[in-house]
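Protein chains: 2
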Amino acid sequence: MAAHDTPPHAPAMPKRPARALLLEAASRLFYAHGMGATGIDTITAEAGVAKKSLYNNFASKAELVGAYLEARHQEWLGLYRRRVAGARTPYDRVLAVFDAYADHANVAYQHGFRGCGLLNAAAELPAGAPGRVAVRKHKEEVEELLAGHVAELLPGEDERAAGLARHLAFLLEGAMTRAGLEGNDQCLKDGRVIAGRLLAEL
Amino acid sequence: MAAHDTPPHAPAMPKRPARALLLEAASRLFYAHGMGATGIDTITAEAGVAKKSLYNNFASKAELVGAYLEARHQEWLGLYRRRVAGARTPYDRVLAVFDAYADHANVAYQHGFRGCGLLNAAAELPAGAPGRVAVRKHKEEVEELLAGHVAELLPGEDERAAGLARHLAFLLEGAMTRAGLEGNDQCLKDGRVIAGRLLAEL
DNA sequence: GCCCATAGGTAGACTGGTCTAACTACCACC
DNA sequence: GGTGGTAGTTAGACCAGTCTACCTATGGGC
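This is the structure in structure tokens:
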């Protein structure tokens with residue numbers, strides 16, 4: 009065999025950690041084709057990593073799914089913080105939440121937009137699954153962020169502010185869902201305009 | 009053999025057609041666990057029907073999925089028509105669309121509510137799948153129905169009416185989605201109240 | 001009123017494939 | 001020399017879909 013010279017596969021790779029490669033590959037595949045339809049072998053092949061490495065870094069596919077959901081949540085939080093930091097008025101901070109969703113759609117999933125990844129994942133999960141709870145928490149957190157900014161616009165009117173926050177949360181959610189169905193971000197743009205008009209009427 | 013007395017399995021069954029039994033069983037299972045997670049054998053067992061009967065009535069599982077989506081759409085249309093027939097004013101006709109969604113949630117899926125079946129199905133389907141197109145058409149039809157009723161409220165203001173219809177469609181969609189995540193119809197009730205306030209401001 | 005062809009049902013084995021999960025054995029580099 | 005990567009194999013379950021073989025109800029011709 010004379011195998012010791014020039015090992016066929018070690019071409020000065022940047023050598024990124026397998027865990028990150030796996031999570032990125034799984035994210036792409038889970039979002040594009042769903043979690044149930046994406047097999048372990050497909051993920052390891054996409055990541056360019058051995059199957060053993062997956063089970064070294066994650067106890068099971070379910071744990072990888074959990075990491076995927078958490079990563080999407082954190083990713084959105086990052087986009088939101090950036091948007092909200094650039095907003096000067098409470099009005100702009102409310103719309104920053106809408107912008108963060110648009111960023112989520114445009115930046116991360118520019119090719120083959122299919123709606124909110126967390127929501128799509130929840131649709132695949134059975135009723136009481138932990139992943140579903142995580143998605144629910146994410147959506148509640150978004151509504152709370154909206155509520156905080158709306159409260160600045162309506163000081164002393166707690167009940168009205170909460171109602172408006174819920175209104176905006178539903179509007180955003182519906183726009184995102186419809187945008188995913190249509191395959192583009194037109195609905196998200198419309199949703200932002202509608203939200204802006206709603207706030208302008210205050 | 010003396011076989012002519014009391015055949016072991018023919019206990020005076022109502023003998024409903026296999027196609028209907030299959031579609032009902034598939035609907036329950038698809039909604040509760042998703043389409044990918046529901047196997048052929050599970051469906052035939054739930055329907056109490058032979059596998060051959062499935063392939064006598066449907067060319068493939070995909071065709072059964074298509075029939076499921078169409079049945080959900082028709083079911084919703086029936087609920088909507090009933091609600092809209094009982095509405096006296098354009099205002100009530102708009103809210104009838106919201107009520108039809110609440111009926112959809114409460115009547116059909118009282119046990120284990122998991123959101124809009126069509127939307128959950130779309131989340132499982134790949135980007136260009138025919139089922140996804142069907143769901144998109146359903147949602148567009150709902151928005152058109154809303155637009156028709158809103159046009160009665162805002163005669164001669166076409167653009168404003170279309171914007172309001174879109175606003176209501178997003179609101180309804182978001183409320184339904186969030187209701188599915190929460191597992192109850194509170195969000196749908198909130199959505200109806202918000203829609204009512206929106207219309208009252210006209 | 002009887003007979004029998006036929007349509008549509010049942011049960012279940014079987015094919016070829018994919019899935020998760022676990023295993024061994026080797027290798028490179030620190 | 002040990003850690004963490006690699007490739008590849010195996011087990012066992014499940015998947016969609018096909019097929020054989022048998023059963024039963026209906027209805028038309030006679």
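Just so you know, the protein sequences line up as chains A and B, in that order. Sequential numbering of the first sequence, starting at 9, is according to the working numbering. Sequential numbering of the second sequence, starting at 9, is according to the working numbering. Even glycine gets a Cβ: it sits at the ideal position worked out from N, Cα and C.
For this session: Give every residue of the same chain whose Cβ lies closer than 7 Å to the Cβ of E71 of chain B, excluding the five residues on either side of it in the sequence, and list them in chain order.
Result: Numbered from its first residue, the second sequence carries residue 71 of chain B at position 63. Closer than 7 Å at Cβ, skipping near neighbours: no residue.
For this session: Since I believe F106 of chain A is in contact with A203 of chain A (beta carbons under 8 Å), could you give me their beta-carbon distance rounded to a whole number of angstroms?
Result: Counting from one through the first sequence, the residue named residue 203 of chain A turns up at place 195. Counting from one through the first sequence, the residue named residue 106 of chain A turns up at place 98. Sure, about 6 Å apart at Cβ, within 8 Å.
Problem set entry | Residues that D198 of chain A contacts on chain B, provided the C-beta gap is smaller than 9 Å | The sequence position of residue 198 of chain A within the first sequence is 190, counting from 1. Within 9 Å Cβ-Cβ: G171, R174, H175 and F178.
Problem set entry | Reduced DSSP category for V57 of chain B - H, G, I as helix; E, B as strand; rest coil | Here residue 57 of chain B is taken as the residue at index 49 of the second sequence, counted from 1. Assigned with DSSP and collapsed to three states, V57 of chain B falls in coil, not helix or strand.
Exercise. Listing by chain order, which chain A residues have their CB less than 7 Å from the CB of N128 of chain B?
Worked result: Looking up residue 128 of chain B in the second sequence gives position 120. A131, listed in chain order.
Problem set entry | Backbone CA spacing between Y99 of chain B and R205 of chain B [nearest angstrom] | By one-based count along the second sequence, residue 99 of chain B stands at place 91. By one-based count along the second sequence, residue 205 of chain B stands at place 197. Y99 of chain B and R205 of chain B have their C-alpha atoms some 11 Å from each other.
Exercise. Hey, out of B:G191, B:I48 and B:A183, whose CA is closest to G136 of chain A's CA?
Worked result: By one-based count along the first sequence, residue 136 of chain A stands at place 128. If we check each option's Cα against that of G136 of chain A, B:G191 comes out closest.
Exercise. Taking 9 Å as the CB-CB limit, is I48 of chain B close to chain A?
Worked result: For this step, residue 48 of chain B is matched to residue 40 along the second sequence. Cβ-Cβ to chain A under 9 Å: no for I48 of chain B.
Problem set entry | For V158 of chain A and G199 of chain A, the rounded distance between their alpha carbons | Indexing the first sequence from 1 puts residue 199 of chain A at position 191. Indexing the first sequence from 1 puts residue 158 of chain A at position 150. Roughly 17 Å between the two C-alpha positions.
Exercise. Would a check of beta-carbon distances place V105 of chain A closer than 9 Å to chain B?
Worked result: Within the first sequence, numbered from 1, the residue matching residue 105 of chain A stands at position 97. Under the Cβ criterion of 9 Å, V105 of chain A is not counted among the residues facing chain B.
For this session: Would you check if there are 3 or more beta carbon pairs closer than 8 Å linking the stretch 180-187 of chain B to the stretch 164-181 of chain A?
Result: Because the criterion of three Cβ pairs below 8 Å is met, the stretch 180-187 of chain B and the stretch 164-181 of chain A touch.
Problem set entry | C-alpha gap between L162 of chain B and A169 of chain B, whole angstroms | As a first step, residue 162 of chain B is located in the second sequence; it is residue number 154 there, counting from the start. As a first step, residue 169 of chain B is located in the second sequence; it is residue number 161 there, counting from the start. The alpha-carbon separation between L162 of chain B and A169 of chain B amounts to approximately 6 Å.
Exercise. According to the neighbour-count rule (16 or more other Cβ atoms, all chains shown, within 10 Å of its Cβ), is L172 of chain A buried or exposed?
Worked result: The count along the first sequence starts at 1 and reaches residue 172 of chain A at position 164. Buried, by the Cβ-count rule.
Problem set entry | Proximity to P146 of chain B [Cα-Cα], best of B:A45, B:L30, B:Y39 and B:E78 | Residue numbering aside, residue 146 of chain B sits at position 138 when the second sequence is read from its first letter. Here the sequence assigns His to residue 146 of chain B, which means Pro is not the residue at that position. Cα-wise, what sits closest to H146 of chain B is B:E78.
Exercise. For G56 of chain A, is the classification buried or exposed, using 16 other Cβ atoms within 10 angstroms of its Cβ as the cut-off for buried?
Worked result: Reading the first sequence from its first residue, position 48 is the one you call residue 56 of chain A. G56 of chain A counts as exposed, since fewer than 16 other C-beta atoms from the protein chains shown sit within 10 angstroms of its C-beta.
For this session: State the DSSP-derived secondary structure class of F106 of chain B, mapped to helix, strand or coil.
Result: The residue labelled residue 106 of chain B in the question sits at position 98 within the second sequence. Here F106 of chain B sits in helix by DSSP.
For this session: Tell me whether E165 of chain B sits in a helix, a strand or coil according to DSSP, three-state version.
Result: Working through the second sequence from its first residue, we reach residue 165 of chain B at position 157. In the displayed model, E165 of chain B falls within coil according to three-state DSSP, outside both helix and strand.
Exercise. For the candidate residues B:A26, B:L196 and B:D49, whose alpha-carbon lies nearest to that of I109 of chain B?
Worked result: Looking up residue 109 of chain B in the second sequence gives position 101. Ile is not the amino acid found at residue 109 of chain B; the sequence shown has Tyr there. With distances taken between Cα atoms, Y109 of chain B lies closest to B:L196.
Exercise. Alpha carbon to alpha carbon, what distance is there between Y76 of chain B and E83 of chain B?
Worked result: Within the second sequence, numbered from 1, the residue matching residue 83 of chain B stands at position 75. Within the second sequence, numbered from 1, the residue matching residue 76 of chain B stands at position 68. Roughly 10 Å between the two C-alpha positions.
Exercise. For the candidate residues A:V201, A:R91, A:G164 and A:E148, whose alpha-carbon lies nearest to that of L189 of chain B?
Worked result: Counting from one through the second sequence, the residue named residue 189 of chain B turns up at place 181. Checking every option, the nearest Cα to that of L189 of chain B belongs to A:E148.
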